[in-house]
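Okay, so here's the structure we're looking at.
2 protein chains.
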Amino acid sequence: MTTRNITRFWEWGRKIICVGRNYADHAKELKNAVPTEPVLFLKPPSAYVKEGSPILVPHYSSNLHHEVELGIVIGKGGTAIPQTSAMEHVAGYALCLDMTARDVQDDCKSKGLPWTLAKAFNTSCPVSDFISKEKIPDPGNVNLWLKVNDKMRQNGHTSQMIFSIPYLISYISEIISLEEGDLILTGTPKGVSSVQEFDELQAGIEDILTMTFKVDRL
Amino acid sequence: MTTRNITRFWEWGRKIICVGRNYADHAKELKNAVPTEPVLFLKPPSAYVKEGSPILVPHYSSNLHHEVELGIVIGKGGTAIPQTSAMEHVAGYALCLDMTARDVQDDCKSKGLPWTLAKAFNTSCPVSDFISKEKIPDPGNVNLWLKVNDKMRQNGHTSQMIFSIPYLISYISEIISLEEGDLILTGTPKGVSSVQEFDELQAGIEDILTMTFKVDRL
Ligand SMILES: [Mg+2]
Ligand SMILES: [Mg+2]
Ligand SMILES: [Mg+2]
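One line per chain: the protein sequences are F and C, in this order. Its first residue numbered 1368, the first sequence is counted upward by one per residue in this note's numbering. Its first residue numbered 1368, the second sequence is counted upward by one per residue in this note's numbering.
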């Protein structure tokens, strides 16, 4: 496994850990309480999709939402990582979309069921190219935006996160050990909205990177 | 990646997909409705633990339950696999425990939160050695049992599954593509119960294999 290349983490990384409700304004727009500890859920690596391939609307959903998020790519694994050394475990970043079947998620929430069908389907995790750590000296202080068909929908700032990146790395790794190649999705700012077949999503982070995805149906 | 050995799938496999409530008698004991479609949730590969290492009770739980389950090890990946060819995608099996923080799961269910803290923590997926496909000619017709400190707690039969193995492979792969090395946990029969620090769990499948795990606290 010495040939693993962190810049292609989506090809071999073994988990995607997502944080929900990490921006107060987004928690409010979905009428959720602002959490007192991080809300965690998982996507499988089969959820990854890269530019050039479409985001597919699951056949069982009629309300697929975009959530633009900063992704943390883990370079050095660990368990119960202290906050003070958490950033040493970060190899870099990726701009990510946490695609969410909102109708299905609402149904899961009301029935007390796991969120898998809402969050873990194929193409539910579009990711940008790898962004090296040096390009984002302060990941708690960058702008993220997303447009649907050229209309701005989300325009937030990672300084609005409720739980900081070092806190999340420490909190998660106490429960779920982190490994090289893992990805942490850090939550989305407000402005999530529905996308349809043929829509074009464009997302960006500061002046560092933009990415574009088309939406398709199976 | 040509050196991957399916008999050590836990070292490199990228996902664990679990089916909940797949035995009617277990759904009833937890007062859940018998499902009309499979309930799916995920564990990350960091949840794997092998004999010789302990099962750890999460610090935030005081009601850790055992669930003995037949695990399906995927040999050939695929998307939307038809039921008729599903068994061609199976490389073999493993005896598995779906360790569940039942108090936390009850809390997640009542709050509409994902099941991650209840199901995905470190050591939440004890697995046996790999069992080759030939050793279980009919996986829908085998006995699974689990003892805690020599007392029989679960003694079920895979013929009691609500959704068959070919059905599960087909259903899952339509939503979440399967890859070589993936593991599917097929649900547990009735008899789940609480385990404590220093308990010894022994589980077996027919006369094919037994495994033993100790319970410890962090
Ligand atoms: Mg989940
Ligand atoms: Mg999100
Ligand atoms: Mg189970």
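Cβ atoms here follow ideal geometry from the backbone N, Cα and C, with glycine treated the same way.
(request) Express the C-alpha separation of F/L1484 and F/P1415 in angstroms, rounding to a whole number. (result) The amino acid occupying residue 1415 of chain F in the given sequence is Tyr; Pro does not appear at that position. The straight-line gap from Cα to Cα measures roughly 15 Å.
(message) Could you tell me the alpha carbon to alpha carbon distance between C/F1488 and F/I1543, rounded to whole angstroms?
(response) Taking the CA atoms as reference points, C/F1488 sits about 5 Å from F/I1543.
(message) Please determine whether the Cβ atom of C/L1462 lies at a distance below 7 Å from any heavy atom of ligand 3.
(response) No, the Cβ of C/L1462 stays beyond 7 Å of every heavy atom of ligand 3.
(request) Examine ligand 2 and report whether any of its heavy atoms sits within less than 7 Å of the Cβ of F/D1465. (result) Yes, since a heavy atom of ligand 2 falls inside the 7 Å radius drawn around the Cβ of F/D1465.
(message) On the criterion of 16 or more Cβ atoms from any shown chain inside 10 Å, does C/K1449 qualify as buried, or is it exposed?
(response) The question names Lys, but residue 1449 of chain C is Pro in the sequence shown. C/P1449 comes out exposed.
(request) Kindly provide the ranges of any alpha helix (DSSP H) runs that are 4 or more residues long and lie completely inside the region 1417-1498 of chain F, ordered along the chain. (result) Taking only runs of at least 4 residues, the alpha helix (DSSP H) segments lying wholly in the region 1417-1498 of chain F are 1469-1478, 1483-1486.
(message) At the 8 Å Cβ level, is C/N1430 part of the contact set with chain F, yes or no?
(response) It does not; no Cβ of chain F falls within 8 Å.
(request) Check the Cβ of C/F1488 against every Cβ in chain F and list those closer than 7 Å, keeping chain order. (result) The answer, in chain order, is I1542, I1543.
(request) Report buried or exposed for C/P1556, applying the criterion of at least 16 other Cβ atoms within 10 angstroms of its Cβ. (result) Buried.
(message) Quick check on C/V1406 - is its C-beta less than 8 Å from some C-beta in chain F?
(response) Yes, contact with chain F.
(request) Would you please state the rounded distance, in angstroms, between the beta carbons of F/P1412 and F/I1383? I believe it to be under 8 Å. (result) About 7 Å separates the two Cβ atoms, so the contact holds.
(message) Distance cutoff 8 Å, beta carbons only. Does C/G1479 sit that close to anything in chain F?
(response) Yes, because at least one Cβ of chain F sits closer than 8 Å to the Cβ of C/G1479.
(message) List, from N- to C-terminal side, the alpha helix (DSSP H) runs of 4 residues or more that fit wholly inside the region 1495-1570 of chain C.
(response) Taking only runs of at least 4 residues, the alpha helix (DSSP H) segments lying wholly in the region 1495-1570 of chain C are 1532-1542.
(request) Figure out for me which residue from F/G1445, F/N1430, F/L1552, F/T1577 has the closest Cα to the Cα of F/L1409. (result) For F/L1409, the closest alpha carbon among the candidates F/G1445, F/N1430, F/L1552, F/T1577 is that of F/L1552.
(request) Give, in chain order, every residue of the region 1460-1476 of chain F whose Cβ lies closer than 7 Å to some Cβ of chain C. (result) For the region 1460-1476 of chain F, the set of residues with a beta-carbon nearer than 7 Å to any beta-carbon of chain C comprises K1476, in chain order.
(request) Could you please give me the residues that DSSP links to C/D1583 through a beta bridge? (result) In DSSP, C/D1583 forms a bridge with C/L1423.
(message) Applying the 10 Å Cβ sphere with the 16-neighbour rule, what's the burial state of F/L1585?
(response) Its Cβ having fewer than 16 others within 10 Å, F/L1585 is exposed.
(message) Which residues in chain F have a C-beta closer than 8 Å to the C-beta of C/S1413? List them in chain order.
(response) Residues of chain F with a Cβ closer than 8 Å to the Cβ of C/S1413 are, in chain order, R1381, K1382, I1543, S1544, L1545, E1546.
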